[in-house]
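Everything on this sheet refers to the single structure shown next.
There are 2 protein chains.
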Amino acid sequence: MFARRLAEDAARIQAHFDHVLAGADPLPVTQAMAYATEGGKRLRGFLVLESARLHEVAPDRSIWPATAIEALHAYSLVHDDLPCMDDDDLRRGRATVHRRWDEGTAVLAGDALQALAFELAAHPDCGPASVRADLALSLARASGAQGMVLGQALDMAAEQAPEPLTLAQITRLQAGKTGALIGWAACAGARLAGAEIAPLARYASALGLAFQIADDILDEEGDMEKAGKRLRKDAEAGKATFVSLLGLEGARARANELVAKAEAALDPYGLRADALREAARFVISRDS
Amino acid sequence: MFARRLAEDAARIQAHFDHVLAGADPLPVTQAMAYATEGGKRLRGFLVLESARLHEVAPDRSIWPATAIEALHAYSLVHDDLPCMDDDDLRRGRATVHRRWDEGTAVLAGDALQALAFELAAHPDCGPASVRADLALSLARASGAQGMVLGQALDMAAEQAPEPLTLAQITRLQAGKTGALIGWAACAGARLAGAEIAPLARYASALGLAFQIADDILDEEGDMEKAGKRLRKDAEAGKATFVSLLGLEGARARANELVAKAEAALDPYGLRADALREAARFVISRDS
Chain C
118 MFARRLAEDA
128 ARIQAHFDHV
138 LAGADPLPVT
148 QAMAYATEGG
158 KRLRGFLVLE
168 SARLHEVAPD
178 RSIWPATAIE
188 ALHAYSLVHD
198 DLPCMDDDDL
208 RRGRATVHRR
218 WDEGTAVLAG
228 DALQALAFEL
238 AAHPDCGPAS
248 VRADLALSLA
258 RASGAQGMVL
268 GQALDMAAEQ
278 APEPLTLAQI
288 TRLQAGKTGA
298 LIGWAACAGA
308 RLAGAEIAPL
318 ARYASALGLA
328 FQIADDILDE
338 EGDMEKAGKR
348 LRKDAEAGKA
358 TFVSLLGLEG
368 ARARANELVA
378 KAEAALDPYG
388 LRADALREAA
398 RFVISRDS
Chain D
118 MFARRLAEDA
128 ARIQAHFDHV
138 LAGADPLPVT
148 QAMAYATEGG
158 KRLRGFLVLE
168 SARLHEVAPD
178 RSIWPATAIE
188 ALHAYSLVHD
198 DLPCMDDDDL
208 RRGRATVHRR
218 WDEGTAVLAG
228 DALQALAFEL
238 AAHPDCGPAS
248 VRADLALSLA
258 RASGAQGMVL
268 GQALDMAAEQ
278 APEPLTLAQI
288 TRLQAGKTGA
298 LIGWAACAGA
308 RLAGAEIAPL
318 ARYASALGLA
328 FQIADDILDE
338 EGDMEKAGKR
348 LRKDAEAGKA
358 TFVSLLGLEG
368 ARARANELVA
378 KAEAALDPYG
388 LRADALREAA
398 RFVISRDS
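These protein sequence lines map, in sequence, to chains C and D. Per the numbering used here, the very first residue in the first sequence carries number 118; after that it's consecutive. Per the numbering used here, the very first residue in the second sequence carries number 118; after that it's consecutive.
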């Protein structure tokens, strides 16, 4: 049931990407943009669509920020995979963009996907100007040097640090690196409706951390075939993770606590938020 | 007189960068962001401030999009200079970001500067939500795969092409690569005022092309010391330029025609647009 809803939302986002990318010049950069947006769980887009449903926002409005956050996420993966960053050959089970094309194309395609994210978040079909300005501004804050890029920069600095990071430092790093976009996605529905974002922000804060702990567990004991990407990177690099700091059992217990916290944050919405509750449980049970 | 006004506007933009970047975590990425925004003529920011003056928009509103377009321009330079793109060591008379730090820092700093550009363009102090949404959407379109990145992608494709580009192809390439941001900058004042953008769009279209022709002339016969960057790149790479296609005299004549056209586009504004007229003449007389 939940898996079907996730798959349906993913298909709707893919169809919207096909729509907005149609008619682009047939250049390596535009082909790489389309390639980079294919596949993946679309969890961030799902959070936008479901938080919008919760606020009774029409799907033909919420599809724009849902596609925006997936474009932004895709750009971050393309740049993260570059040789000067994580140097990965495999992503979502296929060659990374710089392996399929070249590094210059990967830099440009990522850059264009970031611009596309803002084009979609500020699109007239999102709703009134106040909503569009709010979506664009909050997306910029979530993705920039106080959000996602801060997390990546802290991650980069950690590689040079003499000591592994502490739990507090890893938590801050991940709040930026994965938490900021997940937070934006979960709050987007409230922003579209002009409603209070606080309950969804609390939900997303716990969810984002649970997501990252689950990622660390997957990195430790996951199946590379299912994950569609290289695993065991952090352990090989001697980097601290939630698993190295808490142990496997401790990390699982912490992830379960966070999911309970995320579910409780949805209490104000009652049963209508069940899809978001299931998303929280899904996040720690997935195998990719 | 014009030089002083340009320098004053540049100083105001620098002060605003100092303001918005203050308080950032002292990481290589945030230091690289500040470094990349230093120096330069600030022509794009000047166009925002002057087109805003023309529409009697308060400078404490127009400083936001002026700084936004300079952040976006700075990101494009940082990524353009990367080894996998133009591979340049020198920019604005100093080491490029990836030479001063490393490639990963340059990729991330560029990414964060792009996000910063949208944060500034959608900032509440720009004015009403309708203006902020319009600024963010038009900036995304100008910078993405139908604007600046399209120009860069066409430039990249040209390097692989069996034949040098024609005049029509170079004109289209440059309309994206440099024209799109110059166009956004010149129209920003009208957008801030909710006024008609057509006359400024015509002005910017001629100005952007004149700017690029002047760049090709500088690349051919400029002084590398004054330019603060590597010159003669296109000739060495055997790439077509306005100079290779029109000859030096032909290129100068075309640039002069375009400046006359840009000035004429400002007729509806009368004498109030004199600073923008001077900017057009400056663009083809500069030595850097």
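Backbone N, C-alpha and C fix where the C-beta goes; we use that ideal spot for every residue, glycine too.
Along chain D, in chain order, which residues have C-beta atoms closer than 7 Å to that of residue i?
i, result
"Q269 of chain C", "L225"
"G300 of chain C", "Ordered by position in chain D, no residue passes the 7 Å Cβ test against G300 of chain C, which lies about 15 Å from the chain."
"E220 of chain C", "C201"
"F235 of chain C", "F235, A253 and A257"
"H196 of chain C", "V224 and D228"
"A315 of chain C", "Near A315 of chain C there are no residues of chain D at all, since even the closest Cβ is about 20 Å away, more than 7 Å."
Kindly list, in the order they appear in chain C, the residues whose Cβ is closer than 7 Å to that of residue i.
i, result
"S260 of chain D", "A232"
"D142 of chain D", "L267"
"R249 of chain D", "A250"
If distances are taken between C-alpha atoms only, which option among the options comes closest to residue i?
i, options, result
"Q269 of chain D", "C:L256, C:G227, C:C243 and C:E276", "C:G227"
"D336 of chain C", "C:S361, C:L317, C:R319 and C:R161", "C:S361"
"H133 of chain C", "C:L123, C:L164, C:P182 and C:H172", "C:P182"
"R347 of chain C", "C:L207, C:P176 and C:I130", "C:L207"
"Y320 of chain D", "D:M265, D:Y386 and D:P145", "D:Y386"
"D420 of chain C", "C:P145, C:L144, C:V146 and C:E155", "There is simply no residue 420 of chain C to check, as chain C begins at 118 and stops at 405 in what is shown."
"G293 of chain D", "D:A303, D:I180, D:L237 and D:L271", "D:L271"
"A305 of chain C", "C:P143, C:L138, C:A323 and C:T184", "C:T184"
"L252 of chain D", "D:L309, D:A275, D:A297 and D:T288", "D:L309"
"L254 of chain D", "C:A238, C:Q263, C:A392 and C:G210", "C:A238"
"R209 of chain C", "C:D198, C:T222, C:F163 and C:T295", "C:D198"
"R369 of chain D", "D:M341, D:S402, D:K378 and D:L383", "D:S402"
"R178 of chain C", "C:R129, C:A153, C:A257 and C:A139", "C:R129"
"A331 of chain D", "D:G367, D:Q131, D:A175 and D:E342", "D:G367"
"E173 of chain C", "C:G311, C:A379, C:A323 and C:A318", "C:G311"
"D340 of chain C", "C:L189, C:D404, C:V195 and C:P241", "C:D404"
"R77 of chain C", "C:S168, C:D142, C:I186 and C:P176", "Any answer about residue 77 of chain C is impossible in this case: the structure gives chain C only from 118 up to 405."
"V195 of chain C", "C:L171, C:A151 and C:E236", "C:A151"
"D351 of chain D", "D:E342, D:P281 and D:L326", "D:P281"
"L363 of chain C", "C:T288, C:V248, C:A191 and C:P241", "C:T288"
"F399 of chain D", "D:Q148, D:F163 and D:A139", "D:F163"
"Q329 of chain C", "C:E313, C:K356, C:A372 and C:G300", "C:A372"
"A302 of chain C", "C:K158, C:A149 and C:S168", "C:S168"
"T283 of chain D", "D:A357, D:D391 and D:A139", "D:A357"
"R170 of chain D", "D:A381, D:E353 and D:A307", "D:A307"
What does residue i reach in chain C if we use C-beta pairs closer than 8 Å?
i, result
"H240 of chain D", "L254"
"V266 of chain D", "V146, L225, D228, A229 and A232"
What residue does the alpha helix (DSSP H) around residue i start on, and which one ends it?
i, result
"T283 of chain D", "Premise fails: T283 of chain D is in no alpha helix (DSSP H) and is neither H nor E."
"I401 of chain D", "D391 to S402"
"G268 of chain C", "M265 to Q277"
"E313 of chain C", "Counting along the chain, E313 of chain C falls outside any alpha helix (DSSP H), and DSSP gives it neither H nor E."
"W181 of chain C", "P176 to D197"
"M341 of chain D", "M341 to A344"
"D228 of chain C", "E220 to A238"
"D351 of chain C", "K350 to E353"
"S168 of chain D", "L160 to L171"
"A262 of chain C", "Segment: none, A262 of chain C is in no alpha helix (DSSP H) and carries neither H nor E."
"S405 of chain C", "Counting along the chain, S405 of chain C falls outside any alpha helix (DSSP H), and DSSP gives it neither H nor E."
"T147 of chain C", "P145 to A153"
"G364 of chain D", "F359 to A382"
"L123 of chain D", "F119 to L138"
"R216 of chain D", "V214 to R217"
If the cut is a Cβ gap below 9 Å, which residues of chain D does residue i touch?
i, result
"S179 of chain C", "Ordered by position in chain D, no residue passes the 9 Å Cβ test against S179 of chain C, which lies about 17 Å from the chain."
"A246 of chain C", "P245, A246, S247, V248, R249, A250 and D251"
Give me the Cβ distance between residue i and residue j, rounded to the nearest whole Å; I'm assuming they're in contact under 8 Å.
i, j, result
"V376 of chain C", "A397 of chain C", "5 Å"
"D126 of chain C", "L166 of chain C", "5 Å"
"A278 of chain C", "L144 of chain D", "Incorrect: roughly 12 Å between the Cβ atoms, too far for contact."
"D384 of chain C", "F359 of chain C", "Not quite, the Cβ-Cβ distance comes to about 26 Å (not below 8 Å), so this is no contact."
"A262 of chain D", "A120 of chain C", "Between A120 of chain C and A262 of chain D the Cβ distance is about 33 Å, and since that is not below 8 Å, they are no contact."
"L189 of chain C", "Q231 of chain C", "6 Å"
"M202 of chain D", "G221 of chain C", "5 Å"
At a CB distance below 9 Å, what residues from the segment 145-164 of chain C approach chain D? Give them in sequence order.
Taking 9 Å as the cut-off between beta carbons, the residues of the segment 145-164 of chain C near chain D are P145, V146, T147 and M150, in sequence order.
Below 7 Å between beta carbons is the criterion; list the residues of the segment 346-363 of chain D that meet it against any residue of chain C, in chain order. none
Of all the residues that make up the segment 270-281 of chain D, which are near chain C by a beta-carbon distance shorter than 8 Å? A270, L271, M273 and A274
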